[in-house]
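Chemist: Take a look at this one; I'll ask things after.
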Amino acid sequence: MPVRLRLSMHGNKNNRIFHLVATDLRKRRDAKPIELLGIYDPRVHLGQEHKTMHWSVDRIRYWLEKGAALPSKPVVRLLERGGIIPPNSKYHPNSHGVSSVVPSNEPGNVASPSSQSLLS
Numbered sequence: 001m002p003v004r005l006r007l008s009m010h011g012n013k014n015n016r017i018f019h020l021v022a023t024d025l026r027k028r029r030d031a032k033p034i035e036l037l038g039i040y041d042p043r044v045h046l047g048q049e050h051k052t053m054h055w056s057v058d059r060i061r062y063w064l065e066k067g068a069a070l071p072s073k074p075v076v077r078l079l080e081r082g083g084i085i086p087p088n089s090k091y092h093p094n095s096h097g098v099s100s101v102v103p104s105n106e107p108g109n110v111a112s113p114s115s116q117s118l119l120s
C-alpha cells in the first residue's frame with residue numbers, strides 16, 4: 001500500500017488547522033489516516049510570536065525511513081523548517097524535477113522557430 005505524508009484540513013472556514021498524517025496515497029485529502037503525526041496551526045494567536053507545529057519527530061522519521069512515505073510539497077517545506085529533513089534532500093520537489101540547464105544553440109541542437117524568435 002503506497003503511503004504519503006500530507007496535510008489534512010480541519011476546523012471552521014476562517015479558523016483552519018491542519019493535521020500532518022500518514023495516509024494511503026489513493027485516498028482523498030480528508031480520508032481516515034493511518035496515523036496522526038502532528039498538528040499545524042497557521043494562525044498566530046494572542047501572546048504568541050510564531051505559528052505552531054506540534055509533531056512526533058520519531059514517527060515522522062519512522063515513516064520516512066520506511067521508504068513507503070512520499071511527502072507532499074507543503075509537508076516537505078514544514079519538515080525542512082523544523083529541521084527534520086535537510087534542505088535539498090531527496091524529498092525536496094526540486095531534487096527530482098527537470099534540470100534547470102537550458103540547452104545551447106549548437107549545430108547539433110535544432111531549436112524550434114518559436115524559440116529562436118524569442119531569443120533574438
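Residues 1 to 120 (full-length UniProt numbering) make up the sequence shown, in order.
Glycine included, each C-beta is placed from N, C-alpha and C at the ideal position.
(1) Determine the closest residue to GLY33 out of PRO74, THR23, VAL3, with distance taken between C-alpha atoms.
(2) Whole angstroms is fine: what's the gap from GLY97's alpha carbon to ASN14's?
(3) Go through the segment 15-100 residue by residue and report every complete run of the beta strand (DSSP E) that reaches 3 residues or more, in order.
(4) My assumption, with CB atoms under 8 Å, is that LEU5 sits in contact with LEU20. Please give the rounded CB distance.
(5) Check whether the Cβ atoms of TRP63 and GLY38 lie closer than 8 Å to each other.
(6) Which residue from GLY67, ARG61, LYS66 puts its Cα closest to that of PRO86?
(7) Hey, how far is the Cα of HIS50 from the Cα of VAL44?
(8) If you drop the 5 nearest sequence neighbours on each side, which residues of the same chain put their C-beta closer than 6 Å to that of LEU79?
Modeler: Inspection of the coordinates gives the following:
(1) Reading off the sequence shown, one finds Pro at residue 33, where the question assumed Gly. Among PRO74, THR23, VAL3, the Cα nearest to that of PRO33 is on THR23.
(2) Unreliable placement is indicated for GLY97, whose pLDDT of 45 sits below 50; the coordinate value is still reported in the next sentence. Spanning the two alpha carbons is a distance of roughly 34 Å.
(3) 15-24, 35-41, 52-55
(4) 7 Å
(5) no
(6) ARG61
(7) 6 Å
(8) ILE85
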